[in-house]
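**Q** Take this structure, written in structure tokens, and hold onto it; I'll ask about it next.
Laid out in structure tokens, this is it:
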């Protein structure tokens, strides 16, 4: 059921495990690995989207959700926001983040950690690629701060439950 040969397709080259999501039998998710989605489904779907939803954690522990723009660069989703926005202030206290598509039929959910990129601190070539992607997609250059969402777990499907797929990175 698990395929550890997958790579994330980005420049990190991190190994990932691909498997079925674990849940109650009543959801009907098959046990066999036939029909698992390829990682390219995640990359292509996220790269094509215009809007995403992010969820962060408020200081009192409650979830906070809002829509954002973002770009898929180097195998990672990047999004940015102003210093005074609630979700960016949340990330300063707790970098845990979930980002997902607006579509509830063709689903990609990325759970991970937000890494803050600032001018003068981040690789200027990476920042240039992110700005180029923003300009191509939205007609503007984003600038900093911008956040790289490093996937720790990704869930995706387009024909639930038959192709429900989970990727995990690291020790999970």
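Numbering (this note's numbering), first residue to last: 144 to 315.
Glycine included, each C-beta is placed from N, C-alpha and C at the ideal position.
All values reported here derive from a predicted model rather than from experimental measurement.
1. Put residue 158 into one of helix, strand or coil per three-state DSSP.
2. At the level of alpha carbons, what is the spacing between residue 303 and residue 289?
3. Roughly how many angstroms separate the alpha carbons of residue 274 and residue 171, rounded to a whole number?
4. Along the chain, where does the beta strand (DSSP E) that runs through residue 244 open and close?
5. Do you know how far the Cα of residue 174 is from the Cα of residue 215?
6. Where does residue 288 fall in DSSP's three states?
7. If we ignore side chains and look at the alpha-carbon of each, how far apart do residue 201 and residue 284 end up?
8. If I measure Cβ to Cβ from residue 309 and keep anything under 6 angstroms in the same chain, skipping five residues before and after, which residues do I get?
9. I need the straight-line Cα distance from residue 192 to residue 244, nearest angstrom please.
10. Using beta-carbon positions only, say whether residue 252 and residue 199 come within less than 8 angstroms of one another.
11. When you compare each of 237, 177 and 271 to residue 307 by their alpha carbons, which one comes out closest?
12. Could you tell me the distance, in whole angstroms, from the CA atom of residue 146 to the CA atom of residue 180?
13. Based on Cα-Cα distance, which residue from 261, 260, 208 and 246 lies nearest to residue 228?
14. Going by the beta-carbon positions, is the gap between residue 224 and residue 211 smaller than 8 angstroms?
15. So which of 159, 195 and 218 has the shortest CA-CA distance to residue 272?
16. Could you give the distance in angstroms between the alpha-carbon of residue 222 and the alpha-carbon of residue 242?
**A** To lay it out plainly:
1. Strand, per DSSP.
2. Rounded to whole angstroms, residue 303 to residue 289 spans 33 angstroms at the Cα level.
3. Roughly 42 angstroms between the two C-alpha positions.
4. Its beta strand (DSSP E) spans residues 239 to 244.
5. If I take the Cα positions, the gap works out to 31 angstroms.
6. Residue state, collapsed to three classes: coil.
7. In a straight line, the C-alpha of residue 201 is about 28 angstroms away from that of residue 284.
8. Correct list, in chain order: 162, 164 and 298.
9. Distance between the alpha carbons of residue 192 and residue 244: 7 angstroms.
10. Cβ distance not < 8 angstroms, so residue 252 and residue 199 don't count as in contact.
11. When only C-alpha atoms are compared, the closest one is 177.
12. Its pLDDT being 48, under 50, residue 146 is placed unreliably by the model, and the measurement read from it follows with that caveat. Taking the straight line joining both Cα atoms gives about 11 angstroms.
13. Ranking the options by Cα distance to residue 228, first place goes to 208.
14. It is a contact, given that the beta carbons lie within the stated cut-off.
15. Residue 218 is the option with its Cα nearest to residue 272.
16. C-alpha separation (whole angstroms): 10 angstroms.
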